[in-house]
Each structure stands twice: as structure tokens, then as C-alpha cells.
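Final position of the sequence shown in the numbering used here is 43; the numbers increase by one with none missing.
Input: a single structure, listed below in C-alpha cells.
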Amino acid sequence: MLPSNSDTGHVSAEPTNGVLTIRVPKAEKTGSRRIEIGG
Numbered sequence: 005m006l007p008s009n010s011d012t013g014h015v016s017a018e019p020t021n022g023v024l025t026i027r028v029p030k031a032e033k034t035g036s037r038r039i040e041i042g043g
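Structure below.
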């Protein structure tokens with residue numbers, strides 16, 4: 005399982021000397037949004 009803030013679209017894996025290194029970057033934080041409601 006991966007944390008919810010993982011960027012699963014950019015996962016990479018590389019074998020080196022018999023060791024598999026897997027990199028899972030954090031997703032960019034999105035700022036808050038303001039939605040105006042009016043009539």
C-alpha cells in the first residue's frame with residue numbers, strides 16, 4: 005500500500021547489484037480553492 009500523497013504516475017524502479025530500488029515521489033500539494041456561491 006502507498007500513502008495517499010504518492011504520485012503513482014511517476015514511480016520508477018532500478019535494479020543495481022542485486023538490489024531493487026523503487027522510488028515513489030510525493031504528489032505536489034494542491035492549494036485550497038475558493039468557490040463563490042451567490043445569487
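Ideal placement from N, C-alpha and C gives every residue a C-beta, glycine not left out.
- Between the C-alpha atoms of Pro29 and Gly42 there is a straight-line separation of about 39 Å.
- According to the DSSP assignment, Glu18 belongs to the beta strand (DSSP E) that extends over 16–20.
- DSSP, reduced to helix, strand and coil, places Thr25 within a strand of the structure shown.
- Residue Arg27 holds the alpha-carbon nearest to the alpha-carbon of Glu18 among Asp11, Ser10, Ile39, Arg27.
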